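Heads up: the structure comes next, in structure tokens.
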Amino acid sequence: MLTDTKLRSLKPRASVYRMADCTGLAIEVRPTGSKQWRCRYRFAGKANMAALGEYPSMSLQQARAERDRLRALLKGG
């Protein structure tokens, strides 16, 4: 599980990498140093990934809430 301290300490690498939080939420770190929230989900049997927002503009708590909102929306059909 991610924490704000862990998020701040993530450094860019030569290629894009992701660090998972829980239940499909992950932070994607780009070589430029930008960090974007991503959420994995399934719809109609296909795996997809949604971009939720940029860190730190969107906090960890906000990203988790947005992930929960997206999952509820998908569950409702």
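Using the numbering used here, the first residue of the sequence shown is number 37, and each one after it goes up by one. Heads up, the beta-carbon is just placed ideally off N, CA and C, and yes, glycines get one too. Keep in mind that this is a model prediction, so the values were computed, not measured.
Out of the options, state which residue places its alpha-carbon closest to the alpha-carbon of residue i.
| i | options | result |
| --- | --- | --- |
| Ser93 | Ala56, Pro48, Val65, Gln72 | Gln72 |
| Thr68 | Tyr53, Leu109, Asp40 | Tyr53 |
| Asn84 | Arg107, Thr41, Tyr91 | Arg107 |
| Met55 | Pro48, Ile63, Arg49 | Ile63 |
What does the Cβ neighbour count give for residue i, buried or exposed, with the cut at 16 atoms within 10 Å?
| i | result |
| --- | --- |
| Arg103 | buried |
| Leu96 | buried |
| Asp57 | buried |
| Ala99 | buried |
Look at residue i and residue j and say whether their C-beta atoms are less than 8 Å apart.
| i | j | result |
| --- | --- | --- |
| Ala86 | Tyr77 | yes |
| Cys75 | Gly60 | yes |
| Leu38 | Val65 | no |
Give the DSSP bridge partners of residue i, in chain order.
| i | result |
| --- | --- |
| Met114 | The requested residue 114 does not occur in the structure, where the chain is confined to residues 37 to 113. |
**Item:** Runs of alpha helix (DSSP H) lying entirely within the region 60-113, each at least 4 residues, in chain order
**Value:** Scanning the region 60-113 from its first residue to its last, the whole alpha helix (DSSP H) runs of 4-plus residues come out as 96-112.
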